[in-house]
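Enquirer:
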Amino acid sequence: MLDIKVLRENPDAARSGAIKKHMPDRAEAVDRALAFDAELRALIPRLDAMRSEQKAGGKVLGKLNPEERVVFLAKQKQLKAELSVLEGEEKLLKEKLAEQLGLVPNIPDPEVPDGKDDSQNTEVRRVGEVRVFDFPVRAHYDIGEAQGWIDFARAADMAGSRNYMLFGDLVLLQDAILRFAVDLLVERGFVPIDPPLLVRDAAMFGTGFFPGGEEQTYRCEKDGLNLIGTSEVPVTSLHAGEILAEKDLPKKYVARSACFRREAGTYGKDTRGLYRVHQFHKVEQVIVDINDKERSLEHHESIVQNAEDLLQACDLPYRVVNVCGGDLGVPQAMKYDIETWMPSRESFSETHSASRFYDYQARRLNLRYRPEKGKPLFCHTLNNTVAASPRILIPLLENHQNADGTVNVPERLRPFLGGREVLGKPVF
RNA sequence: GGAGAGGUGGCAGAGUGGCCGAAUGCACCGCCUUGCUAAGGCGACGUACCUUCACGGGUACCGGGGGUUCGAAUCCCCCCCUCUCCGCCA
Numbered sequence: 016m017l018d019i020k021v022l023r024e025n026p027d028a029a030r031s032g033a034i035k036k037h038m039p040d041r042a043e044a045v046d047r048a049l050a051f052d053a054e055l056r057a058l059i060p061r062l063d064a065m066r067s068e069q070k071a072g073g074k075v076l077g078k079l080n081p082e083e084r085v086v087f088l089a090k091q092k093q094l095k096a097e098l099s100v101l102e103g104e105e106k107l108l109k110e111k112l113a114e115q116l117g118l119v120p121n122i123p124d125p126e127v128p129d130g131k132d133d134s135q136n137t138e139v140r141r142v143g144e145v146r147v148f149d150f151p152v153r154a155h156y157d158i159g160e161a162q163g164w165i166d167f168a169r170a171a172d173m174a175g176s177r178n179y180m181l182f183g184d185l186v187l188l189q190d191a192i193l194r195f196a197v198d199l200l201v202e203r204g205f206v207p208i209d210p211p212l213l214v215r216d217a218a219m220f221g222t223g224f225f226p227g228g229e230e231q232t233y234r235c236e237k238d239g240l241n242l243i244g245t246s247e248v249p250v251t252s253l254h255a256g257e258i259l260a261e262k263d264l265p266k267k268y269v270a271r272s273a274c275f276r277r278e279a280g281t282y283g284k285d286t287r288g289l290y291r292v293h294q295f296h297k298v299e300q301v302i303v304d305i306n307d308k309e310r311s312l313e314h315h316e317s318i319v320q321n322a323e324d325l326l327q328a329c330d331l332p333y334r335v336v337n338v339c340g341g342d343l344g345v346p347q348a349m350k351y352d353i354e355t356w357m358p359s360r361e362s363f364s365e366t367h368s369a370s371r372f373y374d375y376q377a378r379r380l381n382l383r384y385r386p387e388k389g390k391p392l393f394c395h396t397l398n399n400t401v402a403a404s405p406r407i408l409i410p411l412l413e414n415h416q417n418a419d420g421t422v423n424v425p426e427r428l429r430p431f432l433g434g435r436e437v438l439g440k441p442v443f
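Following this line, the structure appears as structure tokens:
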């Protein structure tokens with residue numbers, strides 16, 4: 016969430032930020048939050064004074080004679096009754112303020128382009144050559160089904176639409192790319208994590224997915240737990256409520272986990288193939304560091320670079336885009352997407368998403384550190400995909416396919432596949 | 001799932017109704033003393049909010065929430081977490 020002080024001093028920045036994100040209802044939360052804040056600030060000094068009187072009164076009690084006691088106790092009871100009314104108001108106001116403040120989105124940075132959806136994201140750079148095929152190019156699902164690597168029909172039968180089953184070499188290729196992703200980040204000093212997949216609401220709220228993301232989240236109501244849509248949730252929440260030592264920062268983590276998304280409201284969109292599915296695996300990088308904008312910007316570039324290095328190592332052409340306001344989530348201040356070339360879609364399509372939040376998530380998570388001098392400050396957090404599968408299998412299969420339906424393995428992935436250079440048999 | 005024990009400041013640990021935002025030890029920081037693998041003395045040392053130009057003052061917080069009471073770290077209820085034993089189990 017934003018600092019209430021930012022809202023007091025510059026409410027317009029918060030309002031226009033929400034507008035830039037095409038969230039007009041949340042822009043209104045700014046004024047509702049400020050109204051509750053004003054009421055609360057009027058109330059608190061009164062409450063403090065009354066509590067002070069009550070406390071002082073209690074200490075006098077022992078010195079009084081019986082008659083004085085009776086009078087005094089009556090007075091104290093009166094005070095208590097008044098206090099409990101005001102304390103009720105205080106509690107209610109605090110809840111209402113927290114609710115509205117939780118709705119106010121992070122303010123997008125100035126370089127975030129205006130726009131309502133991903134069609135208005137702006138290209139930052141394009142890397143790699145898009146391959147020109149001298150044979151009819153096939154989609155990953157055609158290759159996969161012909162090779163016996165993918166079964167959509169039976170998966171849908173047992174688990175519903177947007178499900179899939181992988182078999183054989185494709186399972187091994189998936190493991191190869193995910194393991195390569197983990198190794199790459201571990202080499203760069205990231206600590207590998209295997210996090211919980213089911214988390215409490217506090218973690219969903221703290222990372223900014225709740226409120227708002229409930230419809231996209233599978234929930235185990237019986238236990239009050241939520242299946243994570245990304246390991247960003249448990250990993251960024253790791254140090255929630257803590258005050259870290261500055262010398263221990265930055266914290267750099269790389270998590271591999273299964274991820275689950277309901278994909279509500281996407282009916283009819285990306286229905287074919289492995290692009291949009293309910294369940295996938297993702298290697299995610301998360302950084303927690305000091306409250307310093309320059310450092311956040313440096314980290315942001317570096318985590319994008321990590322992902323680009325993976326794509327380059329896999330000989331995949333891609334582009335980096337600056338995500339526009341309307342395509343930005345609630346908690347992000349700025350986001351780069353990496354889109355990898357997918358021949359079947361004849362487009363660069365999103366495979367990575369690199370976000371910076373400044374202290375927005377840290378405030379919600381109460382995640383702080385103690386600087387060398389002075390009071391604890393909220394940390395900055397960032398995250399980015401390293402590899403998400405099966406989506407990343409789409410460009411791997413399609414860009415590296417041969418005319419006979421076999422698929423070449425990028426050199427850097429071969430060590431993870433026992434040195435094999437080609438997967439599959441001739442099927443076309 | 002059943003039975004029991006416990007959650008207090010960075011850590012350890014005392015505190016069972018007012019004298020407690022909280023002893024003591026360790027750690028950390030500042031000053032001083034003495035010097036051989038470091039010791040001793042003194043001081044400071046939680047977080048948030050309100051208030052003050054400032055010094056300072058006030059309020060809240062002892063896992064979370066609610067209750068009893070003039071007054072709760074302390075008593076009662078619910079929840080969460082940790083540990084031990086039993087059961088079950090990949």
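Remember, the numbering used here sits 15 above the position in the first sequence when you count from 1. For glycine and all other residues, C-beta sits at the position ideal for the given N, C-alpha and C. Values in this document were obtained by computation on a predicted structure and should not be read as measured data.
#1: Compute the beta-carbon to beta-carbon distance between VAL424 and GLU436, rounded to the nearest angstrom, for a pair I have assumed lies under 8 Å.
#2: Tell me the rounded alpha-carbon separation between GLU365 and GLU110.
#3: Below 8 Å, can you find three or more Cβ-Cβ pairs linking the region 425-433 to the region 184-193?
#4: Report the start-end ranges of each alpha helix (DSSP H) in the region 172-230 that is 4 residues or longer and not cut off at the edges.
#5: From the DSSP secondary-structure annotation, give me the bridge partner or partners of HIS155.
#6: In whole angstroms, what separates the C-alpha of PHE220 from that of LEU438?
#7: In angstroms, rounded to a whole number, what distance separates the CA positions of ALA44 and GLU323?
#8: On a CA-only basis, which of GLU247, ASN398, GLY227, SER317 is nearest GLY117? Give me that one, please.
#9: So what does LYS350 bridge to, in DSSP terms?
#10: Can you pull the DSSP bridge partners for PHE363?
#11: Could you pull out every residue in the same chain whose Cβ sits closer than 8 Å to the Cβ of GLY204, ignoring the five residues on either side in sequence?
#12: Where do the N-terminal and C-terminal ends of the alpha helix (DSSP H) with VAL250 fall, by residue?
#13: Helix, strand or coil for ALA57 per DSSP?
#14: Just list the residues that DSSP pairs TYR384 with in beta bridges.
#15: Could you check what DSSP says for HIS254 in three-state terms: helix, strand or coil?
#16: Are the CB atoms of VAL442 and GLN115 nearer to each other than 8 Å?
#17: Look at the alpha carbon of ARG378 and the alpha carbon of PRO151, and state the distance between them as a whole number of angstroms.
#18: Specify the secondary structure class of GLN327 as computed by DSSP and reduced to three states.
#19: So, LEU213 versus ASN241, is the Cβ gap smaller than 8 Å?
#20: Just the Cα atoms here: how many angstroms apart are ASP307 and ALA33?
#21: Could you compute how far the alpha carbon of PHE372 sits from the alpha carbon of GLN347?
Expert: Checking against the coordinates, here is how it stands:
#1: About 6 Å; that satisfies the 8 Å criterion.
#2: The alpha-carbon of GLU365 is positioned some 38 Å away from that of GLU110.
#3: A contact exists between the region 425-433 and the region 184-193.
#4: List check, alpha helix (DSSP H) in window: 183-202, 216-221.
#5: DSSP, once it has assigned bridges, lists no residue as partnering HIS155.
#6: Their backbone Cα atoms lie some 43 Å apart in a straight line.
#7: For ALA44 and GLU323, the distance between alpha carbons rounds to 38 Å.
#8: Closest option to GLY117, Cα to Cα, is GLY227.
#9: The partner list for LYS350 (beta bridge, DSSP) reads SER370.
#10: PHE363 pairs with TRP356.
#11: The residues are LYS267.
#12: VAL250 -> alpha helix (DSSP H) spans 247-251.
#13: In this structure, DSSP gives ALA57 a helical state, which the three-state scheme calls helix.
#14: According to DSSP, TYR384 bridges with LEU259, LEU392.
#15: Taken through DSSP and simplified to helix, strand or coil, HIS254 comes out as coil.
#16: No; because the gap between Cβ atoms is not below 8 Å, this pair is not in contact.
#17: Distance between the alpha carbons of ARG378 and PRO151 is about 53 Å.
#18: Annotated three-state conformation of GLN327 is helix, per DSSP.
#19: Judged by their CB atoms, LEU213 and ASN241 are nearer to each other than the 8 Å cut-off.
#20: Near 23 Å, if we compare the C-alpha coordinates of ALA33 and ASP307.
#21: Separation of PHE372 and GLN347 (C-alpha to C-alpha, rounded to the nearest whole angstrom) is 5 Å.
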